[in-house]
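Down below is the structure, laid out as structure tokens.
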Amino acid sequence: MSRAATDYVAISPRRVGAMVLRYSYLLRSSWPRLLDLVYWPAVQMLMWGFLQTYLARQSGMAAQAGGAFIGAVLLWDILFRGQVGFSITFLEEMWSRNLGNLMMTPLRPAEFVAALMVMSLIRLAIGLIPVSLLALAFFGFNLWGLGLAFAAFFVNLILTSWAIGLLACGLILKKGMGAEAFAWSVTFVLLPLCCVYYPVATLPVWLQFIARALPPTYVFEGLRDLVLNRHFDATAMIISLGLNVVYFAAAVVGFSLLLRSARVSGSLLQTGE
């Protein structure tokens, strides 16, 4: 087996745990970092929630779709915050100019990526749990009450967020900090295409084909079907999972190639603009 292959096969839980502990110390030592994880999701949820409440007073249909709307806001936050949490943890190493040092240690790329994924989950939980409780208190929407459906939604969204995060981090490795803006904005490209707040049928026919090739589309369609029709479409979740497996595998390959290219070109040690 080649060295590149073994880098992504053999994983040491101890080294992954050490990296997670390092990032946890960074997070715990800065209350502004912790506040930011809750502040923006809470503001977004409250803003859209109160807007939906206003619209519900004007339209019976808006009242019926209220749960789907607030649920879409929370699920979108999983996708966006999952990707941003992954990318920010990576950027911590770039900002401190420490990535080159890490890559010279026994830490394997797979272990580094695994630590980024764990920190993505930790950062997401810090923000999602309080905000979901606020949604329940203010608008009566219980995200956790979706049960196994929520588990399926979560798995598919977090896999998509990690795939996007891997590609964003790979581009930063290759192009330097000049590509940092890509890590903050790339997920928003999916916002209109994944039909977060409206059905796929709303899009022009040619865009519907693109939307159905994106895993999150099935999650948001599934949420509306569940809230409005009390029906959980397991087939759609399986399709979403299959697409996620393909995209995540492609992201891993892309990140590996970009990392290798950065090592060869020397850009791994040039973390400036």
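Taking numbering that gives the first Met the number 0, the leading residue of the sequence shown gets 0, the next gets one more, and so forth.
By construction, the Cβ of each residue, glycine as well, lies at the ideal position given by its N, Cα and C atoms.
These figures come from a predicted structure and were not determined experimentally.
When we look at the beta-carbon of residue i and count the other beta-carbons within 10 Å, is it buried (16 or more) or exposed?
| i | result |
| --- | --- |
| V218 | buried |
| Y246 | buried |
| S184 | exposed |
| R107 | buried |
| S1 | With a pLDDT of 46 at S1, under the threshold of 50, the modelled position of this residue cannot be trusted; read the value that follows with caution. The residue in question, S1, is exposed, as its Cβ has fewer than 16 Cβ neighbours within 10 Å. |
| Y22 | buried |
| I128 | exposed |
| L90 | buried |
| R80 | buried |
| P203 | exposed |
| S264 | exposed |
| I237 | exposed |
| P12 | exposed |
| V195 | buried |
CB residue i to CB residue j, shorter than 7 Å?
| i | j | result |
| --- | --- | --- |
| G169 | L257 | yes |
| I87 | L156 | no |
| V199 | A210 | yes |
| N243 | L158 | yes |
| A162 | I10 | no |
| L74 | F137 | no |
| A71 | L227 | no |
| V130 | P40 | yes |
| A150 | I69 | no |
| A148 | L225 | yes |
Alpha carbon to alpha carbon, what distance is there between residue j and residue i?
| i | j | result |
| --- | --- | --- |
| S239 | G221 | 10 Å |
| F19 | M102 | One detail in the question is off: residue 19 reads as Val in this sequence, not Phe. Each residue's alpha carbon lies about 16 Å from the other. |
| H230 | G139 | 20 Å |
| R56 | F49 | 11 Å |
| G126 | L36 | 5 Å |
| A113 | F208 | 32 Å |
| L166 | A250 | 6 Å |
| F164 | V83 | With the sequence shown as reference, residue 164 is identified as Gly, and Phe is not the correct amino acid for it. Between G164 and V83, the C-alpha separation is close to 7 Å. |
| A248 | T186 | 18 Å |
| L213 | W47 | 24 Å |
| A233 | Y38 | 33 Å |
| G16 | S119 | 14 Å |
Continuous alpha helix (DSSP H) assignments of at least 4 residues falling wholly in the segment 158-219: The qualifying runs are 179-184, 189-192, 204-210.
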